[in-house]
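K.L.:
So the sequences go chain by chain: A and B.
Counting along the first sequence from 1, when you hit position 96 you're at 95 in numbering that gives the first Met the number 0, and nothing is skipped either side.
Counting along the second sequence from 1, when you hit position 10 you're at 9 in numbering that gives the first Met the number 0, and nothing is skipped either side.
By construction, the Cβ of each residue, glycine as well, lies at the ideal position given by its N, Cα and C atoms.
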Amino acid sequence: MSIGDLLFLFIVGVTLAGALAAVLAGSIVYALMGLVVTMFGVAGLYVYLHSPFLAMVQILIYVGAITVLIAFAIMLIGPQYRRPKEWTTLGKLGAAAGVAVVTLGLFVKFVMEVFPRTKAPAFTVTTKQIGALFFKDLVLPFELISLLIVVAILGAIMLALFARGDK
Amino acid sequence: MEQLISIIGAQAFTMIAGLIGVIAFVVVNALALTWAERKVAGHMQRRIGPKEVGPYGLIQPIADAIKLLGKEILTPGAVDKPLYVIAPILIFVPVLVSFIVIPFDARLVVSDIGVGILVILAFSSLTVLSILLAGWGSNNKYALMGAVRSIAQNIAYEIPLLLALLPVIMIAGSFSLTAIVEAQKGLWFVVYQPVAFIIYFIAAVAETNRTPFDLPEAESELVAGYHTEYSGMRFALFFLAEYTNMFIVSAIAVTFFLGGYQGPILPGVVWFLLKAYLVVFVIMWLKWTYPRVRFDQLLNISWKVLIPLAFINLLITGGILKL
Numbered sequence: 000m001s002i003g004d005l006l007f008l009f010i011v012g013v014t015l016a017g018a019l020a021a022v023l024a025g026s027i028v029y030a031l032m033g034l035v036v037t038m039f040g041v042a043g044l045y046v047y048l049h050s051p052f053l054a055m056v057q058i059l060i061y062v063g064a065i066t067v068l069i070a071f072a073i074m075l076i077g078p079q080y081r082r083p084k085e086w087t088t089l090g091k092l093g094a095a096a097g098v099a100v101v102t103l104g105l106f107v108k109f110v111m112e113v114f115p116r117t118k119a120p121a122f123t124v125t126t127k128q129i130g131a132l133f134f135k136d137l138v139l140p141f142e143l144i145s146l147l148i149v150v151a152i153l154g155a156i157m158l159a160l161f162a163r164g165d166k
Numbered sequence: 000m001e002q003l004i005s006i007i008g009a010q011a012f013t014m015i016a017g018l019i020g021v022i023a024f025v026v027v028n029a030l031a032l033t034w035a036e037r038k039v040a041g042h043m044q045r046r047i048g049p050k051e052v053g054p055y056g057l058i059q060p061i062a063d064a065i066k067l068l069g070k071e072i073l074t075p076g077a078v079d080k081p082l083y084v085i086a087p088i089l090i091f092v093p094v095l096v097s098f099i100v101i102p103f104d105a106r107l108v109v110s111d112i113g114v115g116i117l118v119i120l121a122f123s124s125l126t127v128l129s130i131l132l133a134g135w136g137s138n139n140k141y142a143l144m145g146a147v148r149s150i151a152q153n154i155a156y157e158i159p160l161l162l163a164l165l166p167v168i169m170i171a172g173s174f175s176l177t178a179i180v181e182a183q184k185g186l187w188f189v190v191y192q193p194v195a196f197i198i199y200f201i202a203a204v205a206e207t208n209r210t211p212f213d214l215p216e217a218e219s220e221l222v223a224g225y226h227t228e229y230s231g232m233r234f235a236l237f238f239l240a241e242y243t244n245m246f247i248v249s250a251i252a253v254t255f256f257l258g259g260y261q262g263p264i265l266p267g268v269v270w271f272l273l274k275a276y277l278v279v280f281v282i283m284w285l286k287w288t289y290p291r292v293r294f295d296q297l298l299n300i301s302w303k304v305l306i307p308l309a310f311i312n313l314l315i316t317g318g319i320l321k322l
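(1) Please check the pair A/V62 and B/L313, which I expect to be a contact at CB under 8 Å, by giving their CB distance rounded to whole angstroms.
(2) Is it a yes or a no for the segment 271-281 of chain B touching the segment 48-67 of chain B, going by three-plus beta-carbon pairs under 8 Å?
(3) What is the C-beta distance between B/P75 and B/E228, in whole angstroms, given that I count them as a contact (C-beta under 8 Å)?
(4) Would you tell me roughly how many angstroms separate the C-alpha atoms of B/L186 and B/L277, rounded to the nearest one?
(5) Nearest-angstrom Cα distance between B/Q296 and A/I10?
(6) Can you confirm whether the segment 151-164 of chain B touches the segment 191-199 of chain B when touching is taken to mean that 3 or more C-beta pairs between the two stretches lie within less than 8 Å?
(7) Return the chain-ordered list of same chain residues with a C-beta closer than 7 Å to the C-beta of B/L308, the five sequence neighbours on each side being excluded.
(8) Distance cutoff 8 Å, beta carbons only. Does A/I148 sit that close to anything in chain B?
(9) Are B/M245 and B/T207 close, meaning C-beta to C-beta below 8 Å?
(10) Per the contact definition of three or more C-beta pairs closer than 8 Å, is the segment 55-75 of chain A in contact with the segment 140-158 of chain B?
(11) For a test of the three-state rule: what should DSSP assign to B/E51, helix, strand or coil?
(12) Do the segment 88-96 of chain B and the segment 223-243 of chain B touch if we need at least three Cβ pairs shorter than 8 Å?
(13) For chain B, check one thing: does any of its Cβ atoms lie closer than 8 Å to the Cβ of A/V56?
(14) Tell me the DSSP secondary structure of B/T210 in three-state form.
(15) Taking Cβ positions only, does B/S124 come closer than 8 Å to chain A?
(16) With a cut-off of 8 Å on the beta carbons, I'd call B/L298 and B/A155 a contact; round off their distance for me.
(17) Considering only the alpha carbon of each residue, which of B/G113, B/T316, B/I85 and B/F122 lies closest to B/A133?
(18) Spatial neighbours of A/V36 within its chain, please: C-beta separation below 6 Å, excluding the five flanking residues on both sides.
(19) Skipping 5 residues on each side, what residues in its chain have a beta carbon closer than 8 Å to that of B/M283?
(20) What's the call for B/Y55, buried or exposed, on a 16-neighbour Cβ count within 10 Å?
(21) Any beta-carbon of chain A closer than 8 Å to the one on B/A121?
(22) Mapping DSSP to helix, strand and coil, what is B/V100?
(23) Note down, in chain order, every chain A residue with its Cβ under 9 Å from the Cβ of B/I154.
(24) Using only the alpha-carbon positions, how far apart do B/P87 and B/G17 sit?
(25) Which value, in whole angstroms, describes the spacing of the CA atoms of A/T125 and B/F103?
(26) Grab me the residues of B/P211's own chain with a C-beta within less than 6 Å of its C-beta, minus the 5 sequence neighbours each way, in chain order.
(27) Run down chain B in chain order and give the residues with a C-beta less than 7 Å from the C-beta of A/F141.
(28) What is the DSSP secondary structure of B/Q44, counted as helix, strand or coil?
(29) With contact counted as at least three CB pairs below 8 Å, one residue from each stretch, are the segment 111-125 of chain B and the segment 171-180 of chain B in contact?
(30) Answer yes or no: does any C-beta atom of chain A fall closer than 8 Å to that of B/G113?
(31) Using a Cβ cut-off of 8 Å (strictly closer), state whether A/T88 contacts chain B.
(32) Suppose the cutoff is 8 Å on Cβ atoms and the five residues either side in sequence are ignored; what does the same chain contact list for B/M232 look like?
(33) Tell me, please, whether the CB atom of A/V35 is closer than 8 Å to any CB atom in chain B?
(34) Enumerate in chain order the residues of its own chain whose CB-to-CB distance from A/V22 is below 6 Å, with the five nearest sequence positions on each side excluded.
(35) Starting from B/D63 and walking both ways along the alpha helix (DSSP H), at which residues does that stretch end?
(36) Does any CB atom of chain A fall closer than 8 Å to the CB of B/V190?
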């Protein structure tokens with residue numbers, strides 16, 4: 000095993016450990032920390048795949064913006080909240096495990112079908128190429144995503160207003 | 000020496016040497032800045048500042064550091080221990096990472112990564128996170144209030160900060176800090192982008208939680224904010240990180256707007272440090288001149304003034320570049 004392989008295994012291990020912590024932690028703040036570790040792990044995978052831009056954007060957006068927003072939401076609802084013990088019953092655990100196994104199977108099948116095993120050399124994408132793609136070939140899906148986010152924000156505002164009782 | 004290089008490889012050697020240099024610089028910089036801050040504060044208030052220990056009180060920060068090192072590491076009983084312990088360590092990660100990409104001179108940079116500025120901005124988000132951990136882990140109402148304020152403030156000011164840096168990146172056509180400095184051979188970007196510079200500067204002062212934007216640690220209402228429960232070396236880590244962050248935002252201002260290491264006669268690194276410490280001095284000057292803003296004022300400045308202004312500036316820059 001080369002140093003590169005060891006590094007890869009280490010990054011994968013960190014990512015998985017973070018993900019497990021995010022799911023299993025009883026306290027919501029610890030779950031958030033697990034999520035942060037996972038995000039860093041994923042960013043590490045991007046660096047490993049020669050995509051430093053994607054890695055940094057991953058940290059910038061997911062750790063810098065999304066997690067901080069989640070933290071802010073936690074502060075609003077009260078971080079003292081802990082998951083009650085009686086929520087985790089054996090049946091629920093079984094159901095969760097079942098869903099996990101089926102999803103994993105589907106995912107593996109999808110990866111096998113879509114990405115055939117070839118020994119393609121690692122390629123590097125420059126930031127310029129990514130930008131050009133977004134504003135030329137992929138401009139329609141890109142704009143559609145922003146529209147989707149606007150709709151989601153409007154929906155959240157409407158829900159908040161109705162919950163308060165204003166019409 | 001050469002044997003060592005041949006064993007671990009030249010690249011790894013530069014990296015390790017660079018990291019040792021960075022750590023040494025962080026400590027010396029923080030010691031110098033605490034001394035400078037107390038001197039500046041003193042003279043602005045018609046006092047002398049520290050003068051007893053060493054000539055002009057120069058050894059004072061070292062005496063303070065030894066005092067802090069000698070203190071017992073105290074952990075209050077009610078804290079959430081893992082979070083409480085990890086927060087001061089975590090706040091140091093972005094500090095160290097940022098120094099790796101800052102070009103002190105044309106060749107004096109630990110690693111010139113192509114996406115340099117993104118590395119700094121991405122990792123600086125960890126600062127907020129560790130403040131949150133410190134506030135929540137301390138299990139103290141003042142600490143928690145300080146953390147909540149810090150998060151609101153950082154969300155508000157990260158946006159104008161990024162938007163003010165973007166026009167410069169557009170003009171230079173690169174994320175690499177060295178390339179941005181090289182693009183300022185003729186004229187500094189502060190001439191092309193005065194509005195962006197002012198927006199960046201205000202946002203940077205807010206990001207480093209300094210007066211007039213120091214609400215997260217407003218001592219008259221929140222004791223010491225998020226680090227109320229910390230003492231000894233753990234407190235010193237927060238303190239070190241704050242002063243180093245002050246230097247980092249100044250270094251970015253110099254790199255992006257003030258021509259970086261470029262200047263006549265003197266070597267580049269001297270110019271870089273001169274400019275950076277001048278910006279640091281202006282930040283200190285602000286601290287001892289202006290009172291603290293109110294919280295609603297703080298958020299309104301960002302959302303209603305800085306962000307629209309930064310967007311307009313970005314649009315105009317983009318339009319002119321396309322012409």
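P.N.:
To lay it out plainly:
(1) Stepping through the first sequence from its first residue, residue 62 of chain A is reached at position 63. Stepping through the second sequence from its first residue, residue 313 of chain B is reached at position 314. Contact flag wrong, Cβ pair sits at about 24 Å.
(2) When C-beta atoms of the segment 271-281 of chain B are compared with those of the segment 48-67 of chain B, fewer than three pairs fall below 8 Å, so the two segments do not count as touching.
(3) Position 76 of the second sequence holds residue 75 of chain B. Position 229 of the second sequence holds residue 228 of chain B. Under the criterion of beta carbons closer than 8 Å, B/P75 and B/E228 qualify as touching, at roughly 5 Å.
(4) Taking the first residue of the second sequence as 1, we reach residue 186 of chain B at position 187. Taking the first residue of the second sequence as 1, we reach residue 277 of chain B at position 278. The alpha-carbon atoms of B/L186 and B/L277 are separated by roughly 19 Å.
(5) Walking along the second sequence from the start, residue 296 of chain B turns up at place 297. Walking along the first sequence from the start, residue 10 of chain A turns up at place 11. Rounded to whole angstroms, the gap between the alpha carbons of B/Q296 and A/I10 is 43 Å.
(6) Cβ pair count under 8 Å is three or more, so yes.
(7) For this step, residue 308 of chain B is matched to residue 309 along the second sequence. In chain order, V194 and I198 place their CB closer than 7 Å to the CB of B/L308, counting only its own chain and leaving out the 5 sequence neighbours on each side.
(8) In the first sequence, counting from the first residue as 1, residue 148 of chain A sits at position 149. At least 8 Å separates the CB of A/I148 from every CB of chain B.
(9) Numbered from its first residue, the second sequence carries residue 245 of chain B at position 246. Numbered from its first residue, the second sequence carries residue 207 of chain B at position 208. Taking 8 Å as the Cβ cut-off, B/M245 and B/T207 qualify as a contacting pair.
(10) Enough Cβ pairs lie closer than 8 Å, so yes.
(11) Taking the first residue of the second sequence as 1, we reach residue 51 of chain B at position 52. Three-state result, B/E51: coil.
(12) Proximity of the segment 88-96 of chain B to the segment 223-243 of chain B meets the contact definition, three or more beta-carbon pairs being nearer than 8 Å.
(13) For the purposes of this step, residue 56 of chain A is taken as residue 57 along the first sequence, with counting starting at 1. True, the Cβ-Cβ gap to chain B drops below 8 Å.
(14) For the purposes of this step, residue 210 of chain B is taken as residue 211 along the second sequence, with counting starting at 1. Here B/T210 sits in coil by DSSP.
(15) As a working note, residue 124 of chain B is residue 125 in the second sequence. At least one chain A Cβ lies under 8 Å of B/S124.
(16) Stepping through the second sequence from its first residue, residue 298 of chain B is reached at position 299. Stepping through the second sequence from its first residue, residue 155 of chain B is reached at position 156. By a beta-carbon distance limit of 8 Å, B/L298 contacts B/A155. Their separation comes to about 5 Å.
(17) As a position in the second sequence, residue 133 of chain B is number 134, starting the count at 1. Closest option to B/A133, Cα to Cα, is B/I85.
(18) Sequence index remark: in the first sequence, residue 36 of chain A carries index 37 (1-based). G17.
(19) Residue numbering aside, residue 283 of chain B sits at position 284 when the second sequence is read from its first letter. Beyond the five residues adjoining it in sequence on each side, B/M283 comes within less than 8 Å, by CB distance, of A35, E36, V39 and A40 in the same chain, given in chain order.
(20) The residue given as residue 55 of chain B occupies position 56 in the second sequence. Counting every other CB atom within 10 Å of its CB across the protein chains shown gives B/Y55 a total below 16, marking it as exposed.
(21) Counting from one through the second sequence, the residue named residue 121 of chain B turns up at place 122. Cβ-Cβ to chain A under 8 Å: yes for B/A121.
(22) Reading the second sequence from its first residue, position 101 is the one you call residue 100 of chain B. Looking at B/V100 - three-state DSSP - the assignment turns out to be helix.
(23) The count along the second sequence starts at 1 and reaches residue 154 of chain B at position 155. Ordered by position in chain A, the residues that pass the 9 Å Cβ test against B/I154 are A64, V67, L68 and F71.
(24) Taking the second sequence and counting its residues from 1, one reaches residue 87 of chain B at position 88. Taking the second sequence and counting its residues from 1, one reaches residue 17 of chain B at position 18. For B/P87 and B/G17, the gap between their C-alpha atoms comes out near 23 Å.
(25) For the purposes of this step, residue 125 of chain A is taken as residue 126 along the first sequence, with counting starting at 1. For the purposes of this step, residue 103 of chain B is taken as residue 104 along the second sequence, with counting starting at 1. Between A/T125 and B/F103, the C-alpha separation is close to 25 Å.
(26) Position 212 of the second sequence holds residue 211 of chain B. Here the set comprises Y289, R291 and V292.
(27) By one-based count along the first sequence, residue 141 of chain A stands at place 142. In chain order: nothing, as chain B lies at least about 17 Å away.
(28) Along the second sequence, one-based indexing puts residue 44 of chain B at 45. Three-state result, B/Q44: coil.
(29) Pairwise C-beta distances place the segment 111-125 of chain B in contact with the segment 171-180 of chain B, as three or more of them are shorter than 8 Å.
(30) Stepping through the second sequence from its first residue, residue 113 of chain B is reached at position 114. Judged by the 8 Å Cβ criterion, B/G113 is in contact with chain A.
(31) Numbered from its first residue, the first sequence carries residue 88 of chain A at position 89. No, A/T88 does not count as interfacial toward chain B.
(32) Within the second sequence, numbered from 1, the residue matching residue 232 of chain B stands at position 233. L67, L68, K70 and I72.
(33) Stepping through the first sequence from its first residue, residue 35 of chain A is reached at position 36. Judged by the 8 Å Cβ criterion, A/V35 is in contact with chain B.
(34) As a first step, residue 22 of chain A is located in the first sequence; it is residue number 23 there, counting from the start. There are no such residues.
(35) In the second sequence, residue 63 of chain B corresponds to position 64, counting from 1. Counting along the chain, the alpha helix (DSSP H) containing B/D63 begins and ends at Q59 to G69.
(36) Locating residue 190 of chain B in the second sequence gives position 191, where the first residue counts as 1. Not an interface residue.
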